[in-house]
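Sequential numbering of the sequence shown, starting at 20, is according to my numbering.
Don't be surprised by glycine CBs; every beta carbon is placed ideally from N, CA and C.
Nothing here was measured: the structure is a model prediction, and the numbers come from that model.
Report on the following structure.
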Amino acid sequence: MNKAVDQTLSKVPAVTLGFWIIKIAATTLGETAGDAVTMTLDLGYLVGTAIFAALVVGAVSAQIVAKRFHLFLYWGTIIATTTVGTTLADFVDRSLGIGYLGGASILLVLVLASLGLWQRTCGSVSVATVASPKVELFYWTTILFSQTLGTALGDWLADSAGLGYEGGALIFGAGLAAVAAFFYFSKVSRTLLFWTAFILTRPLGATVGDLLDKPPANGGLGVGRFTASAALLVFVVVCIFVLPQRAGQHPGASETQP
């Protein structure tokens, strides 16, 4: 591969249908795995958050140090952020007593603040620009906040709003369908649509994860948390191997790429 072209490749995958399939599965895995550690193993939200936060720090550090896009490193980091997002949101909403709506509101402000500072500092929040350590820090910080926001938002809609897990999943699924429609049939900013879809996939995963592992008495299907997590992990790995994955293109790259 031409060196000049290689240096302009983004360190995150190109946004394709395969990207979104894996993202939704990974966020669902984050919900079931987080609950498995904090609830099934009874370690609690604070300990669970500490464990997964350490994994996030290690994964993000490795991602930043890496010289190019690495498939399993990227998706491992996504899974780590979505899992710590589950435990952190539960800690804030339940242990601190802020509540789902309060937690979701705080986290929405943090997501918007992260995007605003990123835009002000780097000039763009497009994922196509994720090719330097500074931009990567903004990228992963925004993702961490969005993953945590998604958990709180999913719990709020399913529990507090009384829609249940199936109803919540349908609402967020419809939201993603609307984003897809705007993508194909409008000229709305692709960057805005990306981050909207990225945020919506998390509560979709949260509600689907809860639907899988909650007992029937609580509106779930009663699949064990570890069983559901193992099945989802296998699905994610298979998708990574089967679905085409390539590094995204940095705006400065040559149009002729092998």
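| Item | Value |
| --- | --- |
| Chain-order list of residues whose beta-carbon lies under 8 Å from that of residue 94 (same chain, five-residue window excluded) | 41, 45, 255 and 259 |
| CB contact flag (residue 183, residue 222, <8 Å) | no |
| Unbroken alpha helix (DSSP H) run spanning residue 159, endpoints | 152-174 |
| Straight-line Cα distance separating residue 125 from residue 112 | 11 Å |
| Per-residue burial, residue 246 [other beta carbons within 10 Å of its own, 16 or more giving buried] | exposed |
| Alpha carbon of residue 142 to alpha carbon of residue 241, nearest angstrom | 47 Å |
| First and last residue of the uninterrupted alpha helix (DSSP H) at residue 86 | Unbroken run through residue 86: none, as it is neither H nor E. |
| C-alpha distance - residue 160 paired with residue 101, whole-angstrom precision | 12 Å |
| Collapsed DSSP secondary structure at residue 205 in the structure displayed | coil |
| Given residue 243 as reference, the closest of 193, 54 and 171 once Cα atoms are compared | 54 |
| Spatial distance of residue 263 from residue 139 (CA atoms) | 33 Å |
| Three-state secondary structure assigned by DSSP to residue 42 | helix |
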